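Inspection log for the structure reproduced underneath, given as structure tokens.
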Ligand SMILES: C[S@@+](CC[C@H](N)C(=O)[O-])C[C@H]1O[C@@H](n2cnc3c(N)ncnc32)[C@H](O)[C@@H]1O
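Residue numbers (our numbering): 3 to 322.
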């Protein structure tokens, strides 16, 4: 088993204390150009690090998280701020049930995708390669399907597809075949059991290198939480809730997520889609967003301090 040292989440009488370090914090604050009373929707509250910094600069923050543990910890941390409120909701559901009306118009929307360090480090949540626990991986524990169901019920072809598509795992076929063989002998119920099988196919971890099971774990997590689907609807909801001139900031850690954000913005830049040779534009393309050039990445100094920042891409767009 891979035993690289990870900071253990602190446990208190109130539960888990978040130790998540916000990524690209100064870049996010600079791009937001907050003014006193600016309304910001933080769709991924997590440990509340970004939200706290925005509240300290006079913003009014609405925080969302679908994870009860995160929501409770962030609410406890930010309870002293009068201009903070929080809801337990998946941002992929914001187009339903009157959520946008409840939240109201916003000057900025922030999405910091994926899971937090704390979710990763609490073994019982089942996200961790390093800490044994039940194969769960649900951010929202009200979801019916967890990682154990995916590993038990998906066909070999379905497993191969998610490992390849979401994990970009080149040995997807080999891993899927081995899992199907092993589960027919004995159910796979814990992260430790899964890691052992993955190490037997993909090799043992090497010091200083990313664990070989990382891509498969990521793929299962994305499948369980339907992360790409949720992102699509979440982006549309974010666009709708923004006022004209409002800013959308999305931080992704996975190339498929980043592609999805990039495409969402590109589709709204108003680029003409008329066939070549048409003398006057007839496609009616209208610019709805203005993009801020290339994605922002973390500096080497930040990556050194916080390896989680290694793969981040921050994309920013302004609603016209
Ligand atoms: C990377 S963490 C955010 C960290 C936060 N920016 C901070 O400074 O502490 C992502 C958080 O978003 C939540 N999350 C991810 N996808 C979500 C979704 N579709 N809807 C609501 N919350 C989501 C996760 O549960 C997690 O707590």
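Even glycine gets a Cβ: it sits at the ideal position worked out from N, Cα and C.
Please read all numbers here as calculations on a predicted model, not as lab measurements.
By DSSP's criteria, residue 24 is part of a beta bridge. Which residues make up the other side?
Note: residue 24 sits in no beta bridge, so no partner.
Taking three-plus beta-carbon pairs below 8 Å as touching, is the stretch 240-256 in contact with the stretch 99-113?
yes
Kindly indicate the opening and closing residues of the alpha helix (DSSP H) around residue 180.
174-187
Between the C-alpha atoms of residue 160 and residue 225, what's the straight-line distance to the nearest angstrom?
11 Å
Within 10 Å of its beta-carbon, does residue 276 have 16 or more other beta-carbons around it, so buried, or fewer, so exposed?
exposed
Closest by CA to residue 40, which one among 53, 49, 29 and 47?
53
Once DSSP output is grouped into helix, strand and coil, what is the label at residue 307?
helix
According to the Cβ coordinates, are residue 218 and residue 200 closer than 7 Å?
yes
Assigned exposure category for residue 282 - 16 Cβ within 10 Å defines buried:
exposed
Rounded C-alpha distance that separates residue 133 from residue 273
48 Å
Would you kindly check if the distance between the Cβ of residue 292 and the Cβ of residue 322 is under 7 Å?
yes
My output table needs one value for residue 123: the three-state DSSP class, helix, strand or coil.
helix
Reducing DSSP to helix, strand and coil, say where residue 258 ends up.
helix
Alpha carbons only, please: which of 90, 101, 97 and 55 is nearest the one belonging to residue 83?
55
Specify whether the stretch 64-80 and the stretch 203-210 touch according to this definition: at least 3 beta carbon pairs, one from each stretch, less than 8 Å apart.
no
CB contact flag (residue 59, residue 36, <7 Å)
yes
Out of 247, 211 and 269, which one is the CA nearest neighbour of residue 237?
269
Tell me which same chain residues have a C-beta within less than 7 Å of the C-beta of residue 91, skipping the five on either side of it?
66, 68 and 101
Could you pull out every residue in the same chain whose Cβ sits closer than 7 Å to the Cβ of residue 288, ignoring the five residues on either side in sequence?
272
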